[in-house]
Amino acid sequence: MKRSFTLIEILLYFTILTVFLFTAVYFAIQILNVSQLTTHRHELQLSGQFISEKMTVAIQSAESIDEAGSTFDSDQGILALVMPDAFATPTLFSFSNGDLTMKEGAGSVVVLNSSYVSVNSVRFHQISAAKTPAQIVVDLALSVDADIPNTDASLDLHFTVSLRP
Numbered sequence: 000m001k002r003s004f005t006l007i008e009i010l011l012y013f014t015i016l017t018v019f020l021f022t023a024v025y026f027a028i029q030i031l032n033v034s035q036l037t038t039h040r041h042e043l044q045l046s047g048q049f050i051s052e053k054m055t056v057a058i059q060s061a062e063s064i065d066e067a068g069s070t071f072d073s074d075q076g077i078l079a080l081v082m083p084d085a086f087a088t089p090t091l092f093s094f095s096n097g098d099l100t101m102k103e104g105a106g107s108v109v110v111l112n113s114s115y116v117s118v119n120s121v122r123f124h125q126i127s128a129a130k131t132p133a134q135i136v137v138d139l140a141l142s143v144d145a146d147i148p149n150t151d152a153s154l155d156l157h158f159t160v161s162l163r164p
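Going by numbering that gives the first Met the number 0, the first residue of the sequence shown is number 0, and it counts up by one from there.
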C-alpha cells in the first residue's frame, strides 16, 4: 500500500519551510545592513584621518595665522594661514555646503572630504600664550547619510596643532 501525504502534513511541511526561508532571508538582510554600516564607518574614519593629516601638515608648516582672514569659534569656521612659500599664501580651510575645502594661494579649491561624507560643522579656536607658538584647536563633525535605515554614521574629531617655531 502506498502511503501519501495528507493535507495536514503538506501544510505543516510548507509552514516549516516558510519559517526557515523567512528566517534565512531576515538574517541575510541583517548581514547586508551591518556590512553597509561598516563600510560607512570605514569611509568616515578614512576621511577624518585624511582631513586631520592635511590640516596638521599645513598648520605645522605655516609661518603664522592670518587672524583677519580667519573666523574662529564658529561652526562655519575659516582658517587662513600665512605660508613660507608666497605662492601658497594664504592657505585657506573653509566650510561650505557640507564640504571642507582647502585653497592654497591662487590655486584651485580642493574638497577634502569624499563625496559620501558630509561635513556638518568646522570650528577653529586659537590658543596663544607668551613664549609659545600659536595653537589651533579643530573640532570637526562628519557624517554619512545612508539609504538604508539605521546605517547612518557620524564622527566627531577634536585635535590640537601647534605652529612650529
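From the three backbone atoms N, C-alpha and C, an ideal C-beta is built for every residue, glycine too.
Are the segment 111–127 and the segment 37–54 in contact at 8 Å, needing three or more beta carbon pairs? yes
Using 10 angstroms around the beta-carbon of T90, count the other beta-carbons present and answer buried if the total reaches 16, otherwise exposed. For the purposes of this step, residue 90 is taken as the residue at position 91 of the sequence shown. Buried, because 16 or more other Cβ atoms sit within 10 Å of the Cβ of T90.
According to DSSP, residues forming a beta bridge with D138: What you label residue 138 is simply residue 139 of the sequence shown in a count that begins at 1. Partner(s): R122, H157.
Would the segment 9–24 and the segment 120–136 be scored as touching if the rule is three or more Cβ pairs under 8 Å? no
Assuming F94 and G76 are in contact, meaning their beta carbons sit under 8 Å apart, how far apart are those beta carbons, in whole angstroms? Numbered from its first residue, the sequence shown carries residue 94 at position 95. Numbered from its first residue, the sequence shown carries residue 76 at position 77. 6 Å between Cβ atoms; contact.
I need the boundaries of the alpha helix (DSSP H) containing L111, first residue and last residue. The sequence position of residue 111 within the sequence shown is 112, counting from 1. It is not in any alpha helix (DSSP H) - L111 carries neither H nor E in the DSSP assignment.
To which residues of the same chain is V109 closer than 6 Å at the C-beta, ignoring the five residues directly before and after it? Sequence index remark: in the sequence shown, residue 109 carries index 110 (1-based). Only M101 meet the Cβ criterion.
Determine the direct distance from the alpha carbon of F49 to that of D138, and round the result to whole angstroms. Position 139 of the sequence shown, counted from the start, is the residue given in the question as residue 138. Position 50 of the sequence shown, counted from the start, is the residue given in the question as residue 49. Roughly 15 Å between the two C-alpha positions.
Tell me the rounded alpha-carbon separation between F19 and T38. As a working mapping, residue 19 is identified with position 20 in the sequence shown. As a working mapping, residue 38 is identified with position 39 in the sequence shown. Distance between the alpha carbons of F19 and T38 is about 29 Å.
So for E14, helix, strand or coil by DSSP? Walking along the sequence shown from the start, residue 14 turns up at place 15. The question names Glu, but residue 14 in the sequence shown is Thr. T14: helix per DSSP, three-state reduction.
If the criterion is Cβ atoms closer than 8 Å, does the pair D144 and D155 meet it? Stepping through the sequence shown from its first residue, residue 144 is reached at position 145. Stepping through the sequence shown from its first residue, residue 155 is reached at position 156. No, the Cβ-Cβ distance between D144 and D155 is not below 8 Å.
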